[in-house]
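Peer 1:
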Amino acid sequence: MHSKQFALTPRPLEMPFLIILLLIAPTSSAKESKFQNLNISLTQKVDNEGFHRELKWLLERGPTTFDCKLAIQLNVGPEMYLNPDQIADLNRLRHLSVLIDGEVDIETPAHLSTRHIAYIYVPPFEERVSLNIPFHLRYQRAQISGGYGKVIVNKPSVLALCPQSCARSEVKAPCDISNRILCKWNNVSYQALFDEVELLVPVGDLDDYPLVSIVTLLLGCAGCIYTLSVLSTTPL
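Per my numbering, the sequence shown starts with residue 7, numbered consecutively.
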């Protein structure tokens with residue numbers, strides 16, 4: 007008996023499709039690889055003391071990102087905030103280009119506040135650029151024996167708007183500070199040249215509440231008595 011052998015040769019009609027697939031696959035994978043390796047690094051440092059701090063960023067990039075628009079996305083927790091009025095002044099003076107997405111009440115303590123998002127649009131630069139973002143810590147709920155509360159500064163995300171895109175990592179975010187049009191940004195990986203930032207905030211001591219209340223009441227009464235005495239001795 008003779009066994010039949012079948013040759014696995016493509017049909018004439020399948021040849022054009024195979025050629026197209028072979029041409030498209032390497033090209034698309036090369037574009038995706040190029041996009042995901044933008045060679046971006048970010049250095050972060052927190053300056054100043056107390057409740058008024060400043061984020062200092064040093065952003066560096068490679069030559070493949072020169073045709074990309076970059077932005078930094080920062081998720082701001084309820085324990086801290088960016089002051090909208092202060093940011094508006096920095097935008098007006100063109101020191102920064104920042105958009106705050108969300109409601110920000112600068113008077114509320116941490117346990118009554120909500121999160122908001124800040125988009126910091128990076129200006130055109132050749133190799134590196136420095137960005138200084140002022141932020142403020144909120145008062146936290148008092149507790150027995152006082153102490154310190156912890157505030158974690160979230161790791162920022164780097165967004166890129168390039169001619170080529172990678173649909174798997176798309177993020178819809180405002181194109182600029184006008185907040186009128188949403189663009190499809192790409193959340194790209196970068197080299198983080200910093201450790202997680204944890205800040206300490208002094209917390210009120212509930213054991214001191216009676217003493218503070220009495221002293222506040224006495225000072226208020228003394229102020230009222232002084233004001234009334236001045237008004238009574240002032241000639242009409």
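No residue lacks a Cβ here, since even glycine has one placed at the ideal position from N, Cα and C.
By Cβ distance below 7 Å, which residues in the same chain neighbour V135 in space, the five residues on each side in sequence not counted?
Peer 2: The count along the sequence shown starts at 1 and reaches residue 135 at position 129. So the qualifying residues of the chain are L65, V128 and P129.
Peer 1: On a Cα-Cα basis, can you pick out the residue from I126, K75 and T222 that is closest to N81?
Peer 2: As a first step, residue 81 must be located in the sequence shown, where it is residue number 75. For N81, the closest C-alpha among the options I126, K75 and T222 is that of I126.
Peer 1: Using the three-state DSSP reduction, which class does Y127 fall into: helix, strand or coil?
Peer 2: For the purposes of this step, residue 127 is identified with residue 121 of the sequence shown, where counting begins at 1. Strand at Y127.
Peer 1: Please determine, among V110, E85 and I78, the residue with the shortest C-alpha to C-alpha distance to S195.
Peer 2: The residue you call residue 195 lines up with position 189 of the sequence shown. Here the closest residue by C-alpha is I78.
Peer 1: CB-CB under 6 Å to D107, same chain, minus the five flanking residues each way: which ones, in chain order?
Peer 2: Start at 1 with the first residue of the sequence shown, and residue 107 comes out as number 101. I123, listed in sequence order.
Peer 1: With 16 as the cutoff for other CB atoms within 10 Å, does F141 come out buried or exposed?
Peer 2: Stepping through the sequence shown from its first residue, residue 141 is reached at position 135. A buried status is given to F141, since no fewer than 16 other beta-carbon atoms sit within 10 Å of its beta-carbon.
Peer 1: Taking the C-alpha atoms as reference points, what is the distance between R121 and A228?
Peer 2: The residue given as residue 121 occupies position 115 in the sequence shown. The residue given as residue 228 occupies position 222 in the sequence shown. Cα to Cα, R121 sits roughly 41 Å from A228.
Peer 1: Can you name, in chain order, every residue of its own chain whose Cβ lies under 7 Å from the Cβ of S34, other than the five neighbours on each side?
Peer 2: Indexing the sequence shown from 1 puts residue 34 at position 28. Because the pLDDT at S34 is just 41, under 50, the model does not fix this residue reliably, and the value given afterwards should be weighed accordingly. Answer for S34: no residue qualifies.
Peer 1: Which residues mark the beginning and the end of the beta strand (DSSP E) in which Q146 is found?
Peer 2: By 1-based counting over the sequence shown, the position of residue 146 is 140. Counting along the chain, Q146 sits inside no beta strand (DSSP E), nor does DSSP assign it H or E at all.
Peer 1: Any idea what DSSP makes of T49, helix, strand or coil?
Peer 2: The residue labelled residue 49 in the question sits at position 43 within the sequence shown. Residue state, collapsed to three classes: strand.
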